[in-house]
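Here is the structure we will look at, set down as structure tokens.
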Amino acid sequence: MDNLNEIIVRIKADTSSFNNPIDAIRDEIPQFWRGNDIKFEIGIFNGENVWSVSNYASISLAIRKLTDDGKVPSASIPALMQKICTSLDDTLTAVTWENGTKQHVVISFSSAESNIIAGDHWLSIWATTIDATPKIITLCAGIIRILEVGGGNISMPPDPIKIYYTSNECDSRFIPLTAVDTNTNLGTSNSMIPSQKAVKTYVDQCSLSGSGEVTSASNLGTGMAIFKEKVDGDLKFKTLKGGGNVAISSNAFEITISSSETGSDSGEKMTNPMTTEGDLIIGGESGTAMRLGKGSNGQVLKSTTNGVEWANEDASYVLPTASESTLGGIKVGNNLTIANGVLSANDQTYSLPIATISSLGGIIPDGTTITVDSTTGVVTASAASPVAPDCWAPTDTFVKITAGSSGDIYNAPADGWIYVKGTTSYTNGYLLAEVSTPNYVLVYGSGTISYSSNQDIHLFFPVRNGGQFQVYWEYASITN
10 MDNLNEIIVR IKADTSSFNN PIDAIRDEIP QFWRGNDIKF EIGIFNGENV WSVSNYASIS
70 LAIRKLTDDG KVPSASIPAL MQKICTSLDD TLTAVTWENG TKQHVVISFS SAESNIIAGD
130 HWLSIWATTI DATPKIITLC AGIIRILEVG GGNISMPPDP IKIYYTSNEC DSRFIPLTAV
190 DTNTNLGTSN SMIPSQKAVK TYVDQCSLSG SGEVTSASNL GTGMAIFKEK VDGDLKFKTL
250 KGGGNVAISS NAFEITISSS ETGSDSGEKM TNPMTTEGDL IIGGESGTAM RLGKGSNGQV
310 LKSTTNGVEW ANEDASYVLP TASESTLGGI KVGNNLTIAN GVLSANDQTY SLPIATISSL
370 GGIIPDGTTI TVDSTTGVVT ASAASPVAPD CWAPTDTFVK ITAGSSGDIY NAPADGWIYV
430 KGTTSYTNGY LLAEVSTPNY VLVYGSGTIS YSSNQDIHLF FPVRNGGQFQ VYWEYASITN
């Protein structure tokens, strides 16, 4: 728990107002017991906004004695208390001000420095800027009250600067009277100035013997006020003035306000045409008032070419469902959103996958064997000419493959050439081979090769390593 070591006066200096500064802790004009240690906590504001003190070199506080007639003292009058502070905190916020943890500046006075004469004095707080030619800016000013007696350092305060006259000094400034009117106690000559005592005697006698002057007048009730103001001894009242069809008359005791009837009995006055509850009055021909009876349940009043009449309410409009040929309403479906009446589609960017053996997707024509017409988009495939593999010339190195039955599938053991030899047993015997690679199928040596009985038949064709091929024969046998 904090200890109370000094009186804290927390002042919100509002530069947007010329009102008297208020102690934010006590919500009243600043005041303290004289002869106590005093700490002024000052925050600079512009309305409710915290004001920056970054362009201030210092902030000063001074307390001066009011003039004898209670007026604001001149800034040239020496101060009863005055200090300047150059340590300013520009981190103050509205929150830290409200919770009392921070302020722009703290200015403290000791009990000896606050031991000044009690009463109402004038408080001034101002800032000096950091400009090359410093400016003085008044932040706030107003009444501050010094209280007596608080129990602190309450010795006799030092004499303030003498800016007043004593009673004897005041009396000596008047010329004594040698002749006084016994009725008025005033001088009998214009050249004679009355003494203080003579003036007071005259005023006292008038207050006791005279009936006095009327000081005010009041308006009673809640109606329009009649009394306006009092100027010196004159009470001023407003007059009453009749408006249209209003007449005002008066006698010794009363004012009468009455309405004056206009027109005649020949039709200038409107006769009420309504006869039944719910009737309306409408303007007929030439604006003549006429009755319009209440309409049936559910009817509405409409303006028509014939005037105003009751009619059935139009059927409510039903928004049709939108279609390819009909404008209408729609519902917001998947991948759509609507905000403030604006319909938007979610991002529907599609990325075409690359085609594989098992997946549909996009392909790029090689431009040689497969081409695309840029105008029609038609794809055309050209038959590829067989190309012999590199280094496929026959050599004296070979791998013998054992022949099986006609139509059996064989795997090529390496890149090279397959040589097949057969012997016919009939004149129409034949021998053929069908070769396939891992990525596409091509047929080599297809067709019939016929010889006379017991003639040799030879096939010679290229293969890729791992590629598959088949050999077929009829009316012949493989011999090699």
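If you want this note's numbering, it's the 1-based position in the sequence shown plus 9. A virtual CB, placed ideally from N, CA and C, is assigned to each residue, including glycine.
Cβ distance (whole Å) where residue i is taken to contact residue j below 8 Å
i    : j    : result
K430 : H467 : 6 Å
L101 : G52  : 6 Å
I291 : M299 : 6 Å
W42  : L156 : 5 Å
T476 : V444 : The question names Thr, yet the displayed sequence has Gly at residue 476. Correct: roughly 7 Å between the Cβ atoms.
E50  : Q112 : 4 Å
D99  : V62  : 5 Å
S1   : T95  : Lying before the first or after the last residue shown, residue 1 is absent from the chain, which here runs from 10 to 489.
For residue i, the residue or residues it bridges with in DSSP
i    : result
E318 : K311
R154 : Q40 and D129
P471 : W426
I146 : A136
L70  : K92 and I134
F27  : Note: F27 sits in no beta bridge, so no partner.
S117 : K48
A331 : Per DSSP, none; premise fails for A331.
D465 : T432
D32  : I20 and E37
Where the beta strand (DSSP E) through residue i begins and ends
i    : result
E238 : F236 to V240
M62  : Before going on, a small fix: residue 62 reads as Val here, not Met. From DSSP, V62 is part of no beta strand (DSSP E); its letter is neither H nor E.
H130 : G128 to T138
G292 : L289 to G292
K92  : M90 to C94
V327 : Counting along the chain, V327 falls outside any beta strand (DSSP E), and DSSP gives it neither H nor E.
Q3   : Any answer about residue 3 is impossible in this case: the structure gives the chain only from 10 up to 489.
L441 : Y439 to S445
R491 : Shown here, the chain extends from 10 to 489; a query on residue 491 therefore has no answer.
K21  : I16 to D23
L244 : D243 to F246
N420 : I418 to N420
N55  : I47 to N55
A348 : L345 to A348
T389 : V388 to A390
A352 : The sequence given here has Leu at residue 352, not Ala. Here the beta strand (DSSP E) through L352 covers V351 to A354.
T265 : I264 to S268
A256 : V255 to S259
V379 : A small fix is needed here, since residue 379 is Ile in this sequence, not Val. That run of the beta strand (DSSP E) goes I379 to V381.
CB contact flag (residue i, residue j, <7 Å)
i    : j    : result
F118 : I47  : yes
I139 : N64  : yes
A324 : K311 : no
I93  : S123 : no
K303 : G287 : yes
E322 : V309 : yes
T380 : T389 : yes
I257 : K247 : no
L345 : A354 : yes
V18  : D32  : yes
T433 : Q479 : no
P329 : G337 : yes
T105 : N55  : no
S120 : N228 : no
I373 : A364 : no
F469 : Y439 : no
K237 : K250 : no
T268 : N254 : Per the sequence shown, the amino acid found at residue 268 is Ser instead of Thr. Yes; because the gap between Cβ atoms is below 7 Å, this pair is in contact.
L97  : V115 : no
A494 : I339 : The requested residue 494 does not occur in the structure, where the chain is confined to residues 10 to 489.
Start and end residues, alpha helix (DSSP H) containing residue i
i    : result
I105 : Checking the sequence, you will find Thr at residue 105 rather than Ile. First-last of the alpha helix (DSSP H) with T105: A103 to E107.
The ligand FAD heavy atom lying under 6 Å from the CB of residue i
i    : result
S258 : The ligand content of the structure shown is nil, which means the ligand FAD is not present either.
Would the stretch 413-433 count as touching the stretch 468-487 if we require 3 or more Cβ pairs under 8 Å? yes
Three-pair Cβ contact test at 8 Å for the stretch 121-135 versus the stretch 143-154: yes
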